[in-house]
Amino acid sequence: MDIVTTDIEGLLILEPRVFGDSRGYFFESWNKDAYAEAGITCEFVQDNESRSSFGVVRGLHWQAAPYTQAKLVRVVYGAVLDVAVDIRKGSPTFGKHVAVELSGDNKRQFFIPRGFAHGFAVLSPEAVFAYKCDNRYVPSAERGMRFDDPALGIDWKIKPDRWILSPKDQKHPLLADIEAWEEA
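All you need for my numbering is the position in the sequence shown, starting with 1, plus 38.
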C-alpha cells in the first residue's frame, strides 16, 4: 500500500495494492497490522455505507466529545470528491481542507482523524460510499457547518444549481460560528 501524506498533519490518502486478472480484482481494504504501520492505530467499531446520486453533497459533519470519530472512507462504486476540514482548536491549519477524489476505480482510501469536519460530493451518476468509524454514531453529538462557506474555498466540482442537499445540511453555521473541536 502507498501512503500519501497531505498538507494537513494526520490526513492520509491510502492507495492499496490491487491484484487483477481476467476474473476481476482483489485488494485488502483493511489490515490492522499494515494500517498500524501507516500510523492508523484506532480501533474501528462501526462500518457504514450510503448510496447517493449525482450532485448529492453530504456534510460537513463531525461529532462532539466524547463521541468524536476518526474515519477511514472509500468508494465502492462511482466517484466522489471527499473533503476534510481541520477544526482542531489551536491548529496551525484550522479552517484548511484537503479534497481527494475517491472512486471504485482508483480504490483510494482517505483517513480522517478526530478533529476534522467531513463531507463529500457525488461526481458520478451514482456512488456507494463506505466508511469505518472508531466511535459509534450518537445523534445528539452530531455537528455540522456549511459546506459552501466562502471562507473554506472548497471547489466541490459540481455547479451550485446541481447540488442536492438535506434540509439539515442547508442550515448549518459558517466556520466562523462553530465551536472549535478539542479533545475532551
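All C-beta atoms, glycine included, are put in the ideal place defined by N, C-alpha and C.
When Cβ pairs closer than 8 Å are counted between the two stretches, the region 107-126 is seen to touch the region 151-170, the count reaching three or more.
If you look at Glu47, you'll find it isn't in any beta strand (DSSP E); DSSP assigns it neither H nor E.
The Cβ atoms of Arg174 and Tyr105 lie closer than 9 Å to each other. Gly58 is positioned such that its CB atom lies no closer than 9 Å to that of Gly153.
Lys127 and Glu217 have their C-alpha atoms roughly 9 Å apart. One Cα belongs to Arg146, the other to Ser67, and the distance between them is close to 9 Å. Secondary structure note for Ala159: its beta strand (DSSP E) is the uninterrupted segment 154-160. Of all C-beta pairs linking the region 132-140 to the region 75-95, fewer than three are shorter than 8 Å, placing the two stretches out of contact.
Taken in chain order, the whole alpha helix (DSSP H) runs of length 4 or more contained in the region 44-100 are 70-75. Across the structure, Trp201 and Gln208 are spaced so that their CA atoms are roughly 11 Å apart. Note that the C-beta distance between Gly182 and Trp100 is below 9 Å. Cβ contact annotation for Lys134 (same chain, cutoff 8 Å, sequence separation greater than five): Asp45, Ile46, Val123, Asp124, in chain order.
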